[in-house]
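One structure is given below, encoded as structure tokens.
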Amino acid sequence: MATLHATIGLQRAESGAVLFADDSGVITMAAFDAGSRRTGSTYTPDLAFVKAIDRWASRRQGLQFVGFAHSHPAGNTRPSGPDREYANRLMAFKKIDQLWLPILQTVPDTKSFSVHWWLARRVEGAEGTLADVVRTGGTVVTEDDTAWLDRVAGTLDVARLRDARVVAAGVGGARSALEDLARAGVGQFVLVDPDSYQATNLATQHVRRSELGLGKAIAAAEAIRDINPDALVVAIPGRIEDVLAEPVTRATLLGGELAGRRPARTLLGAWTDNHAANAFMGHVGLKTGLPAVFADLFHGAAAGAVAFVAPGITLACHRCWVGPRYAHYERGGANSVTSEGAEIWATSRINALKTRLSLLLLQAADDQLLALASTPTAVVKLRADVEETIGFGAFRRFEERIPEELRPSLALDTTLWLPVTPKADCPECGGTGDLLALKREKW
Numbered sequence: 047m048a049t050l051h052a053t054i055g056l057q058r059a060e061s062g063a064v065l066f067a068d069d070s071g072v073i074t075m076a077a078f079d080a081g082s083r084r085t086g087s088t089y090t091p092d093l094a095f096v097k098a099i100d101r102w103a104s105r106r107q108g109l110q111f112v113g114f115a116h117s118h119p120a121g122n123t124r125p126s127g128p129d130r131e132y133a134n135r136l137m138a139f140k141k142i143d144q145l146w147l148p149i150l151q152t153v154p155d156t157k158s159f160s161v162h163w164w165l166a167r168r169v170e171g172a173e174g175t176l177a178d179v180v181r182t183g184g185t186v187v188t189e190d191d192t193a194w195l196d197r198v199a200g201t202l203d204v205a206r207l208r209d210a211r212v213v214a215a216g217v218g219g220a221r222s223a224l225e226d227l228a229r230a231g232v233g234q235f236v237l238v239d240p241d242s243y244q245a246t247n248l249a250t251q252h253v254r255r256s257e258l259g260l261g262k263a264i265a266a267a268e269a270i271r272d273i274n275p276d277a278l279v280v281a282i283p284g285r286i287e288d289v290l291a292e293p294v295t296r297a298t299l300l301g302g303e304l305a306g307r308r309p310a311r312t313l314l315g316a317w318t319d320n321h322a323a324n325a326f327m328g329h330v331g332l333k334t335g336l337p338a339v340f341a342d343l344f345h346g347a348a349a350g351a352v353a354f355v356a357p358g359i360t361l362a363c364h365r366c367w368v369g370p371r372y373a374h375y376e377r378g379g380a381n382s383v384t385s386e387g388a389e390i391w392a393t394s395r396i397n398a399l400k401t402r403l404s405l406l407l408l409q410a411a412d413d414q415l416l417a418l419a420s421t422p423t424a425v426v427k428l429r430a431d432v433e434e435t436i437g438f439g440a441f442r443r444f445e446e447r448i449p450e451e452l453r454p455s456l457a458l459d460t461t462l463w464l465p466v467t468p469k470a471d472c473p474e475c476g477g478t479g480d481l482l483a484l485k486r487e488k489w
């Protein structure tokens, strides 16, 4: 229900999603059909996507295709004639006796989100008919079981994390971090990524061969649900700038109610190798006052960096730290750094730091965060030739300050927490030092 609300429910009709159920007939998965052809009054599924997701869900997840959910214009809550005809043809082709056809009313069209459940059923002696189906509550309610967290209950604030939401832009490289956050009991995830897994991702990202060809957000969402079935997970295949462009959608995904759940605390994850997307997430954090975690792997994985910006705790914005990068792109520069040459342990190492900082922010561990407030960026030495590879001399300067006989002990995996000071000429924060002053109700 959360996926339907956060995708179809937050954009004008019509759009749709593919529905899958487990062996008991309970609908457990909705895959948003981002590539469909749609107008204000029609929705035509992307058949290539439907076939691919159907094949994966059946073979790897043990789920069965059971129908389509799609939106209609305001006030139109019944399947149309073309909907009925399509259902009859599809049931005949799939050799199935029934097909779910819920009709959704969306927030932009009606100021609220609602689902009207319809079932197409093949009736002997007729091509088929439609029957209105009432489902109690419209959702599946699972028992809240947190016994699996007993071993970490004394270390983590399980109750606080259950009510926390992570909104992640970029899922591929961050996959293990997201799964670890689920293992820590984080209860709500919004995953946004426009890409699909390719074979080359097997060696550099935490993807399984069975997931190749799937959208990264969809695959990660299923992995999280497998770890924590009680987690609310929304997977959106798209660009974060587009997904959060509309104010109502932005407010809902960042802190609003989804499937009856509202977060007590939200964290932004800028975890993509796309500069524009990361810059956008930094901007969102400043305008909403939400904390954000940023992560980078440098050329050849010679080093990696994880930084956090928390209005009210840190003084400088992300642009104050990587201002030259912003200038490079504003001059028309391009990103030549990919995951090529980055071994899987490098991704895991950076993800471990990313997870640690995220948990501190989600648990509001202000005492530990304040200790890092003036040094909010961690840079990890992943290769001994880091200075020769990327021209980063901070590790050498640090090593020169310690006795020579101790320097060999810093050959690899040295972590430096570096200061970031507000820049008076920063176009993003103006060097204010008070990032909460940049928060806006509307923007």
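To convert, take the position in the sequence shown, counting from 1, and add 46; that gives our numbering. A virtual CB, placed ideally from N, CA and C, is assigned to each residue, including glycine.
Tell me where the beta strand (DSSP E) around residue i begins and ends.
i, result
"Gln110", "110 to 117"
"Gln251", "That residue, Gln251, is in no beta strand (DSSP E); it is neither H nor E in DSSP."
"His162", "160 to 162"
"Thr461", "461 to 464"
"Ile282", "278 to 282"
"Ile73", "73 to 78"
"Leu224", "Unbroken run through Leu224 is the alpha helix (DSSP H), 221 to 229; no beta strand (DSSP E)."
"Leu56", "First-last for Leu56: undefined, no H or E at that position."
"Gln144", "144 to 146"
Taking C-alpha atoms, which residue in the options lies nearest to residue i?
i, options, result
"Val232", "Leu93, Ser404, Ala362, Pro91", "Ser404"
"Glu287", "Arg453, Ala265, Gly328, Asp276", "Gly328"
"Gln107", "Leu56, Phe66, Met137", "Phe66"
"Leu361", "Arg254, Glu257, Ala193, Leu415", "Leu415"
"Arg208", "Gly81, Ser394, Pro309", "Pro309"
"Gly476", "Leu260, Ala48, Ala269, Cys366", "Cys366"
"Arg443", "Leu462, Ala348, Glu376", "Leu462"
"Val217", "Val153, Phe340, Ala349", "Phe340"
"Thr460", "Cys472, Glu445, Glu474, Pro449", "Glu445"
"Ala277", "Gly302, Ala316, Arg254, Arg307", "Arg307"
"Arg105", "Ser222, Val368, Glu257, Gly86", "Glu257"
"Thr152", "Val253, Gly379, His116", "His116"
"Ala410", "Ala205, Asn134, Ala80", "Ala205"
"Leu399", "Thr90, Ala223, Tyr89, Ser87", "Ala223"
"Ala215", "His51, Leu290, Leu408", "Leu290"
"Ala281", "Ala457, Val236, Ala305, Gln251", "Val236"
"Pro148", "Phe78, Trp163, Arg447, Cys363", "Trp163"
Report the rounded CA-to-CA distance for residue i versus residue j, giving the unit in angstroms.
i, j, result
"Pro240", "Leu300", "19 Å"
"Gly174", "Asn122", "Confidence at Gly174 is low in this model, with a pLDDT of 47, below 50, so the placement of that residue should be treated as unreliable; the coordinate-derived value is given next. Going by the C-alpha atoms only, they are around 21 Å apart."
"His118", "Phe111", "22 Å"
"Tyr243", "Leu482", "38 Å"
"Thr435", "Leu93", "46 Å"
"Glu60", "Arg486", "31 Å"
"Gly358", "Leu332", "11 Å"
"Gly437", "Arg395", "21 Å"
"Leu176", "Gly113", "Confidence at Leu176 is low in this model, with a pLDDT of 48, below 50, so its placement is unreliable and the value that follows should be read with caution. Using only the alpha carbons, I get a separation of about 13 Å."
"Ala166", "Lys97", "20 Å"
"Val466", "Leu195", "36 Å"
"Glu441", "Glu433", "Rather than Glu, the amino acid found at residue 441 in this sequence is Phe. Near 8 Å, if we compare the C-alpha coordinates of Glu433 and Phe441."
"Ser70", "Leu260", "25 Å"
"Arg84", "Val64", "15 Å"
"Phe344", "Gly350", "6 Å"
"Ala193", "Thr74", "22 Å"
"Ala373", "Ala103", "44 Å"
"Ala263", "Glu451", "48 Å"
"Ala230", "Leu406", "12 Å"
Hey, quick one: how far does the alpha helix (DSSP H) through residue i stretch, first residue to last?
i, result
"Val198", "Neither: Val198 is in no alpha helix (DSSP H) and is coded neither H nor E."
"Thr156", "153 to 156"
"Leu50", "48 to 52"
"Ala62", "Position check: residue 62 holds Gly in this sequence, whereas Ala was assumed. It is not in any alpha helix (DSSP H) - Gly62 instead sits in the beta strand (DSSP E) that spans 62 to 67."
"Ile273", "262 to 273"
"Leu136", "127 to 140"
"Arg371", "369 to 376"
"Asp480", "Here Asp480 belongs to no alpha helix (DSSP H), and DSSP marks it neither H nor E."
"Asp288", "286 to 289"
Taking DSSP's pairing of strands, which residues face residue i in a bridge?
i, result
"Ala215", "Val238, Ala316"
"Arg84", "Tyr89"
"Thr360", "Pro357"
"Leu150", "Ser117, Val161"
"Ala210", "Arg311"
Verify the contact flag: residue i, CB atom, against every heavy atom of the ligand ATP, threshold strictly below 7 Å.
i, result
"Thr421", "Because no ligand of any kind appears in the structure shown, any question about the ligand ATP cannot be addressed here."
ask   = Mind pulling the alpha helix (DSSP H) runs of 4 or more residues that sit fully within the stretch 399 to 454?
value = DSSP assignment within the stretch 399 to 454 yields the following whole alpha helix (DSSP H) runs of 4 residues or more, N-terminal first: 412 to 417, 432 to 436, 440 to 445.
key: beta strand (DSSP E) segments (min. 3 residues) lying fully within the stretch 291 to 357   = Unbroken beta strand (DSSP E) runs of no fewer than 3 residues, entirely contained in the stretch 291 to 357, are found at 311 to 316, 338 to 343, 349 to 355, following chain order.
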